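> Under the numbering used here, think of the first position of the sequence shown as 265, with each following residue one higher. Cβ atoms here follow ideal geometry from the backbone N, Cα and C, with glycine treated the same way. Note that this is a predicted model, so its numbers are computed, not measured.
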Amino acid sequence: DNTEKVVRKFMKIYPEIRLIKHSKNKGKGGAVKTGVLASKGDLILFSDADLSTPIEEFEKLKKAIDQGYDIAIGSRGVKGAKVEVKQNLIRRLIGIAGSYLIRSIVTNKFKDTQCGFKMFKKDCGKKLFENLKINGFAFDIEILYKAIKKNYNVKEVPVVWRNSPESKVNIIKDPLKVLIDLLRIRTGI
265 DNTEKVVRKF MKIYPEIRLI KHSKNKGKGG AVKTGVLASK GDLILFSDAD
315 LSTPIEEFEK LKKAIDQGYD IAIGSRGVKG AKVEVKQNLI RRLIGIAGSY
365 LIRSIVTNKF KDTQCGFKMF KKDCGKKLFE NLKINGFAFD IEILYKAIKK
415 NYNVKEVPVV WRNSPESKVN IIKDPLKVLI DLLRIRTGI
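1. Do you know how far the Cα of Cys-379 is from the Cα of Asn-427?
2. Kindly indicate which three-state DSSP category Ile-284 falls into: helix, strand or coil?
3. Taking just the CA atoms, how far does Ser-316 sit from Pro-429?
4. Am I right that Lys-297 and Leu-396 are in contact with their C-beta atoms under 8 angstroms? What's the rounded C-beta distance?
5. Buried or exposed: which applies to Ala-402, given that a residue is buried once 16 or more other Cβ atoms fall within 10 Å of its Cβ?
6. Indicate whether the contact test is met: 3 or more Cβ pairs, each with one atom in the region 321-329 and one in the region 361-375, closer than 8 angstroms.
7. Starting from Pro-439, follow the alpha helix (DSSP H) in both directions and report where the run begins and ends.
8. Whose C-alpha, out of Ile-354, Leu-353, Thr-377, Asn-352, is nearest the C-alpha of Tyr-364?
9. What three-state label does DSSP hand Ser-303 in the structure shown?
10. Report buried or exposed for Tyr-416, applying the criterion of at least 16 other Cβ atoms within 10 angstroms of its Cβ.
11. Got a sec? Which residues, its chain only, sit under 8 angstroms from Arg-350 by beta carbon, not counting five neighbours each side?
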């Protein structure tokens with residue numbers, strides 16, 4: 265993984281960029297939590313590193329925040345979304361099954377909780393992430409579950425999305441971990 269090297273290059277060009285790293289891998293949720301809690305702006309956006317949702321989609325989420333929503337989440341499942349490069353059949357089927365489990369076990373308020381493109385008003389984002397328990401791929405679901413419980417206004421926004429063939433998701437192990445995490449979220453563990 266060349267991430268640190270790439271960030272250090274950008275730091276030379278853009279001095280406002282800061283490198284934040286863990287000495288030990290804390291999972292995707294742990295990494296996003298650290299970034300959110302260290303953020304300084306009025307808005308917090310996190311995006312998958314592969315930019316499967318193009319950064320230009322930022323404006324769509326910002327518009328929802330400007331309209332008064334506390335959280336705007338990119339979605340591949342609402343009207344107006346555009347999936348330009350689809351996942352292979354196996355990943356799509358796993359995604360459909362995962363969405364069904366998420367809606368059955370945790371919340372049925374969203375069509376797509378797993379699009380890695382979400383924006384928060386600063387105070388809202390920091391409050392939700394400060395007690396994050398899930399460090400894996402299901403961290404998004406925990407955050408949205410807590411947002412519902414705290415009565416935050418969440419807008420699901422249609423975005424452009426492209427599958428990245430270099431995905432690091434293990435189609436056997438990761439869905440099992442997510443299922444366990446869904447049960448943890450639901451039971452408050």
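This is what the structure holds:
1. Counting from one through the sequence shown, the residue named residue 427 turns up at place 163. Counting from one through the sequence shown, the residue named residue 379 turns up at place 115. Those two C-alpha atoms are separated by around 11 angstroms.
2. If you number the sequence shown from 1, residue 284 lands on position 20. Ile-284 falls in the coil class under three-state DSSP.
3. For this step, residue 429 is matched to residue 165 along the sequence shown. For this step, residue 316 is matched to residue 52 along the sequence shown. Answer to the nearest angstrom: the Cα atoms are 10 angstroms apart.
4. Residue numbering aside, residue 297 sits at position 33 when the sequence shown is read from its first letter. Residue numbering aside, residue 396 sits at position 132 when the sequence shown is read from its first letter. Indeed, because the Cβ distance is near 5 angstroms, the residues count as touching under 8 angstroms.
5. What you label residue 402 is simply residue 138 of the sequence shown in a count that begins at 1. When all chains shown are included, Ala-402 counts as buried.
6. no
7. As a working mapping, residue 439 is identified with position 175 in the sequence shown. Unbroken alpha helix (DSSP H) run through Pro-439: 437-451.
8. The residue you call residue 364 lines up with position 100 of the sequence shown. The shortest C-alpha separation from Tyr-364 is found at Thr-377.
9. In the sequence shown, residue 303 corresponds to position 39, counting from 1. Residue state, collapsed to three classes: coil.
10. Numbered from its first residue, the sequence shown carries residue 416 at position 152. Buried, because 16 or more other Cβ atoms sit within 10 Å of the Cβ of Tyr-416.
11. For this step, residue 350 is matched to residue 86 along the sequence shown. The displayed chain sequence assigns Lys, not Arg, to residue 350. Excluding residues within five positions, the ones whose Cβ falls inside 8 angstroms are Arg-356, Asn-427.
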